[in-house]
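In terms of the working numbering, the sequence shown opens at residue 4 and continues consecutively. A virtual CB, placed ideally from N, CA and C, is assigned to each residue, including glycine. Only a predicted model underlies this, so the values are computations on that prediction, with no experimental measurement involved.
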Amino acid sequence: MQISFLFVSRGGKEEYMYYDIKESGKRLSELRKMKGLTQQQVADELGIDVDTVRKNEQGRRGLSIDTASMYAEYYHSTIDYITHGKESSNDEVTAMLAEYPEEVRNKAAKLLKNILDTLAE
């Protein structure tokens, strides 16, 4: 087990979040493969070096909070999932939506909002 940490500030309180970078790398690799992408494609999309993506996935380089956040947003995931494997209750819906283009996701979000507004009446 190789441990690394992220420095985070929550509500003005500074904390260190420790995590296993090997396991985190496995999750990053799985997320990328689920989208059918190469490491080069991810690097190009995120504007980072392919060597960074490779080392992150191999667990040879820890993540900065900015990089972890970038991966989480890109993969429609969470930092908690990437660093600790903790899935939120909406991960199934997020994964399902991630398979569709942004235009479809936006339409689905509007439709869901209308449904929730109607149910709230």
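How long is the line joining the alpha carbons of residue i and residue j, rounded to whole angstroms?
i      : j     : result
GLU102 : GLY39 : 10 Å
TYR77  : ASP83 : 14 Å
ILE51  : THR81 : 19 Å
Can you check whether the CB of residue j is closer than 8 Å to the CB of residue i?
i      : j      : result
ALA98  : THR86  : no
GLN42  : GLU60  : yes
MET73  : LEU34  : no
ARG108 : LEU100 : yes
LEU66  : SER27  : yes
Beta-carbon within less than 8 Å of residue i's beta-carbon, same chain only, minus the 5 sequence neighbours each way: which residues are those?
i     : result
THR55 : ALA46, ARG64 and THR70
ILE6  : TYR21, TYR22, ASP23 and ILE24
ARG30 : TYR84, ILE85 and GLY88
Taking 6 Å as the limit between beta carbons, can you name the residues of its chain near residue i, skipping five residues before and five after?
i      : result
GLU106 : none
ALA123 : none
Which of the three DSSP states, helix, strand or coil, is assigned to residue i?
i     : result
SER38 : Residue identity check: residue 38 is Lys in the sequence provided, not Ser. Of the three classes helix, strand and coil, the one that applies to LYS38 here is coil, per DSSP.
SER67 : coil
LYS29 : helix
Among the options, which one has its Cα closest to the Cα of residue i?
i      : options                          : result
GLU18  : ILE68, VAL53 and ARG57           : ILE68
PRO104 : LEU122, GLU124, HIS79 and LEU115 : HIS79
For residue i, would you say it is in contact with chain B, using Cβ-to-Cβ distances shorter than 8 Å as the test?
i     : result
GLU60 : No chain B appears in the structure shown, which is made up of a single protein chain.
Within the same chain, show all residues whose beta-carbon is closer than 7 Å to that of residue i, passing over the 5 residues directly before and after it, in chain order.
i     : result
ARG57 : GLN42
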